[in-house]
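Just below is one structure, and these are the notes that go with it.
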Amino acid sequence: MHVVIVGNGIAGMEAALTLRQRDAEARITLVSEESDHFFSRTALMYVLCGQMCHRDIEPLERGTYERLSLERVRARVTAVDPERRVLQLSDKLPPLSYDRLLIACGSRPRPTPFWPGYGELEGIGHFVTLQDLAWLETELHLSTGHDRPPREWAHLEHTTDDSPYQRREAAATRRGTRARTPVVIGGGLIGVEVVETLLSAGLSPTFLIREDWFWPIALDERESTWIADRMRHHGVDVRLGESVQRFEGTDGRISGVLTDQGGHDADLVVIAIGVVPNTGWLEGSGIERDSSGGILVDEQLKTSAQGVWAAGDCASVRWFNGWVRPEQLWYTGRDQGRLAARAILGDEVRYARGTWYNSAKLMDIEYTTAGLVNMGVEGEASWFFEERGRVRSTTRIVHVGGRVVGFNFLGRRWDHDLCVRWIEERRPLSWVLDHLDEARFDTELVPPLRIPASARSPVASPP
Amino acid sequence: MTTYRQAWRNRGPAAWLLSATLIGSYCVLYWTSWLDPIAQGLGLRNRWFLYGLLYTVGVGGGGLLYLRRHGSSRYNRLRIMTNFGIQAIFGFTLPFVMPLLGQPEFYFSYLWPLKYDILYPHTLAGLPTYLAVYAILGATVVAPVLALSFGKRWYCSWICGCGALANTFGDPWRHLTSSSTRAWRFERLAVHTVLLVAFAATGVIAADQLLSSKSAAFSSFAYEVKQGYGFVVGALLAGVVGTGLYPLLGPRVWCRNFCPMAALLGIIQKAGRFRIRVKRDMCISCGNCTTYCEMGIDVRSYAQSNQSFTRASCVGCGMCAHVCPRGVLRLENHAPRARDKARQGLITADF
Chain S
1 MHVVIVGNGI AGMEAALTLR QRDAEARITL VSEESDHFFS RTALMYVLCG
51 QMCHRDIEPL ERGTYERLSL ERVRARVTAV DPERRVLQLS DKLPPLSYDR
101 LLIACGSRPR PTPFWPGYGE LEGIGHFVTL QDLAWLETEL HLSTGHDRPP
151 REWAHLEHTT DDSPYQRREA AATRRGTRAR TPVVIGGGLI GVEVVETLLS
201 AGLSPTFLIR EDWFWPIALD ERESTWIADR MRHHGVDVRL GESVQRFEGT
251 DGRISGVLTD QGGHDADLVV IAIGVVPNTG WLEGSGIERD SSGGILVDEQ
301 LKTSAQGVWA AGDCASVRWF NGWVRPEQLW YTGRDQGRLA ARAILGDEVR
351 YARGTWYNSA KLMDIEYTTA GLVNMGVEGE ASWFFEERGR VRSTTRIVHV
401 GGRVVGFNFL GRRWDHDLCV RWIEERRPLS WVLDHLDEAR FDTELVPPLR
451 IPASARSPVA SPP
Chain G
1001 MTTYRQAWRN RGPAAWLLSA TLIGSYCVLY WTSWLDPIAQ GLGLRNRWFL
1051 YGLLYTVGVG GGGLLYLRRH GSSRYNRLRI MTNFGIQAIF GFTLPFVMPL
1101 LGQPEFYFSY LWPLKYDILY PHTLAGLPTY LAVYAILGAT VVAPVLALSF
1151 GKRWYCSWIC GCGALANTFG DPWRHLTSSS TRAWRFERLA VHTVLLVAFA
1201 ATGVIAADQL LSSKSAAFSS FAYEVKQGYG FVVGALLAGV VGTGLYPLLG
1251 PRVWCRNFCP MAALLGIIQK AGRFRIRVKR DMCISCGNCT TYCEMGIDVR
1301 SYAQSNQSFT RASCVGCGMC AHVCPRGVLR LENHAPRARD KARQGLITAD
1351 F
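Chains as they are written, first to last, in our numbering: chain S, 1 to 463; chain G, 1001 to 1351.
Here it is in structure tokens:
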């Protein structure tokens, strides 16, 4: 059996390892345009900062592919024919036939709204791919670091113009000076990561956020204000409720961003407004996708075509609350990759997502969330507590009729696993407050969170 | 942090120069008496106190820089301040003052088998009773019991002078410690070999001293063992290689590969309560933990497999937990609880 996996990211790699673990004989081929080696996309910002080098963000030792007989092709897949079970690669390579196909090709940057200047000026880009990293390193430091990924540009012979893995010229190169006045567009997680790396490079970025506060899908206004204050404290010009209208340039390079509130000088613009499934190449294949481009899969992660499965960022799966859309998370990519491999091997499997949870670090502030937060559940209320002592933190517990449905924490570390369990056990708020300390995951010697009785008093018991 | 953008921290010319200087200085210290006049000129008894003073300055200065980098964590702050306090008091001041009070020059912070000659019968016989009892109980009771309760970190990361220098002066190079499988194999072979040799050497020398030289051949063999161990382990591996290579191979070359005390406490740690707990399914495989582990432990491989773990080499510095952007790791001294039982995480490639 020849299994071909399109994508060498967390979902594809996890699937390949699962397949190999179960079947020592199967021929397994990973096709990747972006890189020879599996790496942690989540760690790209640390390479940009200089906190890690390329080899550090590769979870597996480089000999793993050879040791486990995983074949690799470094090229862009341009089309798939599920009837004949053949993948078309670039013109210079022969087609690749398969018995089973797993599509785990991930995301690409969300197309920008119509902003004149985009696509014409140098110095505007995204921060999603390894190639984006090389571009940004050049914009910030005029050169990339000495530790490079192996065969960094080997795919350029076998790619297409619309590829998100194309090489991008840096404005800094022609200008001869590194970026000094960067602008970041988009108030989400990647936006704040880029802001952090710019700060670590000694720059004071402008951060343009269209919404009324930073990251409204995850934070409420009180929580968000704290993050924005922390960014401002470090020298970031945080602009809320400001929409981009156009880019301006001189000599083909970015020179400014015009918004509905005025203008900002810019010699570098990073757009971080999200990602969409990287599935344009499936056009005409007969493999069904939803309006966002996500590949529609059933509970076995099987697509509408015979012998084709999909996993990770590119697949639209059913969420715990009934939504059907991609789950752009590291751990779900991993779970889906493993599950798809088992489905390919013929196991009876079913992808069922549990309660939502996530965590992040926003500047130096820890963030943990679990359950239904900012989802606008009918009849929901929030219990909120702000700690301002040796530790600064906020705790927000969302409840419906006194029963806890969600947690949002900033400033401390918490065990999401226990929070999820409490939600699933439908624990009352008062009970959760009594037991909250059990979920504490702060590093040792950090004083525990003390909630004074006065802050607890309005807590009602569920009927 | 901009670790990889600083050449002196990444084996650039300055790192090589510093390493050569350190190695040269150790050679001068161990095998010449050139530094004695300088020490005496400063009012210090001999060159070893000059070394002690410089060592303390290294821990203090390096400690301040460490606090600038990692001081946002209370664990880090208390640990580094303790390191400095122990070094200043027990590593320098007390040994200097004790002879003035008619007591022997005694280093309370170093225990057997790290201080390999302290349990020789002749050494013990020459100590006042309270110090002899301290040396024996410290090595045979206190150290193992504390290692069972708290892991080896109570010693390697809070008390020991070698650990103190590694975590302060040596901290800028912690990411250089190799986390490859090859380095791990070498570590296990080397450190356990030194441990066996330390036990054997102590046994041979003790036997010789207790039997008071009934056989001239055995006596001279014991003398050779004593000199040889002192030269290879005490001077070459602990000083010249261990500290001299900080800027090239990371700050724990000695502790990880050669220290018999670390090996012994590591074995005890495996049987004790200390562990690093991993939060379930939260790791994003970024690798900050592995990069900044000064002992070259591939922490990420455990974190992404949802596997709480205890590794013999872990000195409990806490950096993996500190640098983790998802708060996945936590150092603990608890017996495992049922709810922490690992569920399968990312498949590691170990099959």
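Beta carbons are placed, not taken as given, at the ideal position from N, Cα and C, and that holds for glycine.
Computed from a predicted structure; not experimentally measured.
Close-in-space but distant-in-sequence residues of the same chain around residue i (CB under 6 Å, 5 per side omitted)
i, result
"G263 of chain S", "G256"
"V1323 of chain G", "N1288, Y1292"
"G7 of chain S", "A104, C105, G106"
"Q261 of chain S", "E242"
"D1350 of chain G", "A caution first: D1350 of chain G carries a pLDDT of 49, below 50, which makes its placement in the model too unreliable to give a value."
"L268 of chain S", "G123, E139, A179, P182"
"R396 of chain S", "S382, F384, N408"
"R20 of chain S", "L68"
"P1260 of chain G", "P1113, V1194, L1195, A1198"
Residues near residue i by beta carbon distance below 7 Å, same chain, minus five either side
i, result
"F1049 of chain G", "A1039, F1096"
"E137 of chain S", "L48, T144, G145"
"H416 of chain S", "Y357, S359, T368, A370"
"Y62 of chain S", "As written in the sequence, residue 62 of chain S is Arg, which differs from the Tyr given in the question. Only H37 meet the Cβ criterion."
"V1253 of chain G", "V1241, G1242, L1245"
"R1275 of chain G", "S1308, F1309, T1310, E1332"
"L1053 of chain G", "L1044, F1092"
"L372 of chain S", "V398, V405, G406"
"G379 of chain S", "V400, G401"
"F1218 of chain G", "D1208"
Which of helix, strand or coil DSSP assigns to residue i
i, result
"Y165 of chain S", "coil"
"V1197 of chain G", "helix"
"R230 of chain S", "helix"
"T1002 of chain G", "coil"
"D265 of chain S", "strand"
"W309 of chain S", "strand"
"F1309 of chain G", "strand"
"W115 of chain S", "coil"
"E327 of chain S", "coil"
Close Cβ partners of residue i (< 8 Å) along its chain, the five nearest in sequence each way excluded
i, result
"R148 of chain S", "H54"
"I1086 of chain G", "S1109, W1158, I1159, G1161, A1164"
"T225 of chain S", "W213"
"R1011 of chain G", "L1176, P1247, L1248"
"S1178 of chain G", "L1249, G1250, G1296"
"W115 of chain S", "V244, Q245, R246, F247"
"S1019 of chain G", "G1244, L1245, Y1246, P1247, L1248"
Enclosing beta strand (DSSP E) for residue i [first to last residue]
i, result
"E248 of chain S", "244 to 250"
"T206 of chain S", "206 to 209"
"P277 of chain S", "275 to 277"
"T395 of chain S", "392 to 400"
"T259 of chain S", "253 to 259"
"H1175 of chain G", "Here H1175 of chain G belongs to no beta strand (DSSP E), and DSSP marks it neither H nor E."
"L101 of chain S", "100 to 103"
"V1028 of chain G", "Taken as a continuous stretch (DSSP letters only), V1028 of chain G belongs to no beta strand (DSSP E), being part of the alpha helix (DSSP H) at 1013 to 1031."
Range covered by the alpha helix (DSSP H) that runs through residue i
i, result
"V1059 of chain G", "1047 to 1070"
"L1360 of chain G", "Residue 1360 of chain G is absent from the structure shown; chain G starts at 1001 and stops at 1351."
"A315 of chain S", "From DSSP, A315 of chain S is part of no alpha helix (DSSP H) but of the beta strand (DSSP E) over 315 to 318."
"H2 of chain S", "First-last for H2 of chain S: 2 to 6, but that is the beta strand (DSSP E), not the alpha helix (DSSP H)."
"G1041 of chain G", "1035 to 1041"
Where residue i meets chain C, residues with beta-carbon distance less than 8 Å
i, result
"T173 of chain S", "The chain labelled as chain C is not found among the protein chains of the depicted structure, namely S and G."
Note to self: When you compare the stretch 80 to 100 of chain S with the stretch 274 to 288 of chain S, are there three or more beta-carbon pairs, one atom per stretch, that lie closer than 8 Å?
What the structure shows: Contact between the stretch 80 to 100 of chain S and the stretch 274 to 288 of chain S is present, because at least three Cβ pairs lie under 8 Å.
Check: Are there three or more Cβ pairs, one per stretch, closer than 8 Å when the stretch 1206 to 1226 of chain G is compared with the stretch 1283 to 1299 of chain G?
Finding: Touching, no.
Checklist line | Length at least 3, wholly inside the stretch 14 to 95 of chain S: the beta strand (DSSP E) runs in chain order | finding: Listed in chain order, they are 27 to 31, 70 to 73, 79 to 81, 86 to 88.
Notebook entry, point to check: Quick check: the stretch 1267 to 1280 of chain G against the stretch 1204 to 1221 of chain G, are there 3 or more CB pairs under 8 Å?
Noted result: Touching, no.
Checklist line | Within the stretch 343 to 388 of chain S, ranges of the beta strand (DSSP E) (whole runs, at least 3 residues) | finding: Within the stretch 343 to 388 of chain S, the complete beta strand (DSSP E) runs of at least 3 residues fall at 357 to 362, 365 to 371, 380 to 388.
Next item on the list: Could you tell me which uninterrupted alpha helix (DSSP H) segments, each at least 4 residues in length, are contained entirely in the stretch 1090 to 1144 of chain G, listed from first to last along the chain?
Entry: For the stretch 1090 to 1144 of chain G, whole alpha helix (DSSP H) runs of length 4 or above, ordered along the chain, are 1094 to 1097, 1121 to 1125, 1129 to 1137.
Notebook entry, point to check: Would you call the stretch 184 to 204 of chain S and the stretch 35 to 50 of chain S in contact, with 3 or more CB pairs under 8 Å?
Noted result: The stretch 184 to 204 of chain S vs the stretch 35 to 50 of chain S: in contact.
Next item on the list: Tell me, please, whether the stretch 271 to 283 of chain S touches the stretch 107 to 126 of chain S by the rule of three or more beta-carbon pairs shorter than 8 Å.
Entry: By the Cβ rule, the stretch 271 to 283 of chain S counts as touching the stretch 107 to 126 of chain S, because three or more pairs are nearer than 8 Å.
Next item on the list: Check whether the stretch 3 to 17 of chain S touches the stretch 152 to 165 of chain S, taking contact to mean three or more Cβ pairs, one atom from each stretch, closer than 8 Å.
Entry: No, they do not touch.
Item checked: Length-filtered (4 minimum) alpha helix (DSSP H) runs lying within the stretch 176 to 201 of chain S -> Along the length of the stretch 176 to 201 of chain S, whole alpha helix (DSSP H) runs at least 4 residues long occupy 189 to 200, reported in chain order.
Notebook entry, point to check: Is there contact here, the stretch 1017 to 1025 of chain G with the stretch 1123 to 1138 of chain G, by at least three beta-carbon pairs under 8 Å?
Noted result: Counting Cβ pairs under 8 Å, fewer than three are found: no touch.
Notebook entry, point to check: Can you list, in chain order, the stretches of the alpha helix (DSSP H) that have 4 or more residues and sit fully within the stretch 1232 to 1276 of chain G?
Noted result: Those alpha helix (DSSP H) runs which fall completely within the stretch 1232 to 1276 of chain G and span 4+ residues are 1246 to 1249, 1253 to 1257, 1260 to 1271.
Next item on the list: Evaluate the contact criterion for the stretch 1135 to 1147 of chain G versus the stretch 1109 to 1119 of chain G: three or more CB pairs, one atom per stretch, below 8 Å.
Entry: Yes: the two stretches touch, three or more of their Cβ pairs being nearer than 8 Å.
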